[in-house]
Amino acid sequence: MVQIKDVKGNTRDHRTATHTHIKGLGLGEDDFAEKQSEGFVGQTVAREACGIIVDLIRAKKMSGRAVLLAGGPGTGKTALALAISHELGTKVPFCPMVGIREMKDVLEGEVTELTPEEAENPLGGYGRTISTLVIGIKTTRGTKKLRLDPSVYEALQRERVTVGDVIYLEQTTGACKRVGRSDAYATEFDLEAEEYVPIPKGAVHKRKEIVQDVTLHDPDFANSRPQDGQDMMSMMGQLMKPKMTDITDKLREEINKVVNRYIDQGVAEIVPGVLFIDEAHMLDIECFTYLNRALESTMSPIVILASNRGMCTIHGTEDIVAAHGIPPDLLARLLIIPTNAYDADEIKRIIQIRVKTEGLAITEPALEKIAEHGIQTSLRYALQLLTPASILAHVSRRHEIDVLDVGKCEDLFIDTRRSAAIANGANSGENKLLS
12 MVQIKDVKGN TRDHRTATHT HIKGLGLGED DFAEKQSEGF VGQTVAREAC GIIVDLIRAK
72 KMSGRAVLLA GGPGTGKTAL ALAISHELGT KVPFCPMVGI REMKDVLEGE VTELTPEEAE
132 NPLGGYGRTI STLVIGIKTT RGTKKLRLDP SVYEALQRER VTVGDVIYLE QTTGACKRVG
192 RSDAYATEFD LEAEEYVPIP KGAVHKRKEI VQDVTLHDPD FANSRPQDGQ DMMSMMGQLM
252 KPKMTDITDK LREEINKVVN RYIDQGVAEI VPGVLFIDEA HMLDIECFTY LNRALESTMS
312 PIVILASNRG MCTIHGTEDI VAAHGIPPDL LARLLIIPTN AYDADEIKRI IQIRVKTEGL
372 AITEPALEKI AEHGIQTSLR YALQLLTPAS ILAHVSRRHE IDVLDVGKCE DLFIDTRRSA
432 AIANGANSGE NKLLS
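If you're matching positions, the sequence shown starts at 12 in the numbering used here and goes up one per residue.
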């Protein structure tokens, strides 16, 4: 008997996180915030202020400054920081970054021949080794045949280069990259497994400006490794040494001098990243001192802090009280953006967006009941009831979340106020027993 099995689709399930629905700040062409756009509801003033911050970062006029998002819990501070990162794009990382420009001799074109030449093994035995590599590279201007080092053949094998591929090869270092398959090999099929690229123009050998994106940690890490020779005694000595030494302040200062020299020569360009610190009031006085000093550096990232506290004691001190738990000298450097509590209509619209993002279905009375929880308790508690309520609805064989499912979740999962009341009742009972 022939067995018939269901074939699972190749669709990938994406994890729905807390701020998956946030796609940007939701600003119009006139840089004014719309009431509801790109997953954001309300907070129009804060979003417009964040839009100005994004413009300052793009114009590279945020050096030595930082931003503080201040507001109560559940008012969208983390969502604003995430929206700023969406607006800046992938070119502005969440770490300091430097782009190094270099002029390199490169070979670029379509591979027409790839022939490794073998020779007798110099160490003896019956094996043979690759002595040279004969490669043919073609561009629109002509074809060139080259004889290269065997190490290049190993690099080509790692990139899985075959005849007909378009490659990029650095002449000095031997670094190789497979760009794609030549479009001359493209067929008439609608769906292709390969990425086809046109044959490069110009000569095979050319001088090209290469921009390499590296973080400032990369040269620190590379220079922290012990550098020795390649002879046997040096290799034996390296076995007795640790793999890496500490990255000291002195090493960082030397690397910064080199990077600054590259910037002055026009070889490198600093692209400051963004550092986001949530719950900034939990940092101690030493962390704030380091941040204050780091902001004065020419290579400092753009720092975005978030805090939901008013006047409170700074961690690491006993009697220093400051606004948002941040020292006054650092607070003077900050551009403070306030966030306000959501009203009833905004809470309902946020819940509707989350229902759509999570792919759920809900009745209007159940939506009203969850929105009521968002007003009376907190928005976070209301949003957390959605997924458990959908599971209860599925168990009851309902396609939509009903009021009964929400009520059941209220009994199963209590909010912070009820939890605190239970804890206070238990503590008062213990005190009566002790007395």
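We put the beta carbon where it would ideally sit given N, CA and C, even for glycine. Predicted model, so just to flag it, every value in this text is computed and none were measured.
Exercise. What is the DSSP secondary structure of Met293, reduced to helix, strand or coil?
Worked result: Helix at Met293.
Problem set entry | Close-in-space but distant-in-sequence residues of the same chain around Cys62 (CB under 7 angstroms, 5 per side omitted) | At residue 62 the sequence reads Gly, which differs from the Cys that was named. Here the set comprises Leu36, Leu38 and Asp42.
Problem set entry | Nearest neighbour of Thr55, chosen from Ser430, His30 and Lys88 [CA to CA] | Of the candidates Ser430, His30 and Lys88, the residue whose Cα lies closest to the Cα of Thr55 is Lys88.
Problem set entry | Which residues DSSP lists as bridging Arg158, in chain order | Looking at the DSSP assignment, Arg158 forms a beta bridge with Val145.
Problem set entry | Contacting residues, own chain, Cβ-Cβ under 6 angstroms from Leu346 (five flanking each side not counted) | Val78.
Problem set entry | Own chain, CB closer than 7 angstroms to Glu297, minus 5 neighbours either side, in chain order | In chain order, Gly327 place their CB closer than 7 angstroms to the CB of Glu297, counting only its own chain and leaving out the 5 sequence neighbours on each side.
Problem set entry | Beta carbon of Ala214 nearer than 8 angstroms to that of Arg152 | In this structure, the beta-carbon distance from Ala214 to Arg152 falls below 8 angstroms.
For this session: Identify the continuous beta strand (DSSP E) that holds Thr324 and give its terminal residues.
Result: Its beta strand (DSSP E) spans residues Met322 to Thr324.
Exercise. How many angstroms separate the CA atom of Asp66 from the CA atom of Leu342?
Worked result: When rounded, the distance between both Cα atoms is 22 angstroms.
Exercise. Are Asp289 and Gln182 close, meaning C-beta to C-beta below 8 angstroms?
Worked result: It is not a contact, given that the beta carbons lie outside the stated cut-off.
For this session: Report yes if the CB atom of Tyr179 is closer than 8 angstroms to the CB atom of Asp194, and no otherwise.
Result: No. Outside cutoff.
Problem set entry | Glu487 versus Cys323 - alpha carbon distance | With the chain represented from 12 up to 446, any question about residue 487 goes unanswered, as that position is not in the structure.
Problem set entry | 4-residue-minimum alpha helix (DSSP H) runs that sit fully inside the segment 30 to 74, ordered along the chain | You should have 55 to 69.
Problem set entry | Opening and closing residue of the beta strand (DSSP E) in which Lys174 lies | Correcting the residue identity first, residue 174 is Val in this sequence and not Lys. Run containing Val174: none; DSSP gives neither H nor E here.
Exercise. Rounded to whole angstroms, how far is the Cβ of Glu119 from the Cβ of Pro211, which I believe are closer than 8 angstroms?
Worked result: The Cβ separation is near 5 angstroms, so the contact holds.
Problem set entry | Bridge partners - Gly120, DSSP secondary structure assignment | Residue pairing of Gly120 in beta bridges, as defined by DSSP: Ile178.
For this session: Would you please state the rounded distance, in angstroms, between the beta carbons of Thr350 and Ala57? I believe it to be under 8 angstroms.
Result: Your pair Thr350 and Ala57 checks out as a contact, with CB atoms roughly 5 angstroms apart and the cut at 8 angstroms.
Problem set entry | Residues near Glu375 in its chain [Cβ-Cβ closer than 6 angstroms; skip 5 each side] | Correct list: empty, nothing qualifies.
Problem set entry | Exposure of Thr150, with buried meaning 16 or more beta-carbon neighbours within 10 Å | With 16 or more Cβ atoms within 10 Å of its Cβ, Thr150 is classed as buried.
For this session: Consider the Cβ of Leu118: report whether some Cβ of chain D lies at a distance smaller than 8 angstroms.
Result: The structure shown contains no chain D; it holds only a single protein chain.
Problem set entry | the segment 376 to 393 touching the segment 412 to 429, judged by at least three CB pairs closer than 8 angstroms | Contact between the segment 376 to 393 and the segment 412 to 429 is present, because at least three Cβ pairs lie under 8 angstroms.
Exercise. Taking the alpha carbon of His335 as the point to measure from, which residue in Lys71, Gly82, Val52 and Ala70 has its own alpha carbon closest?
Worked result: The candidate whose alpha carbon is nearest that of His335 is Gly82.
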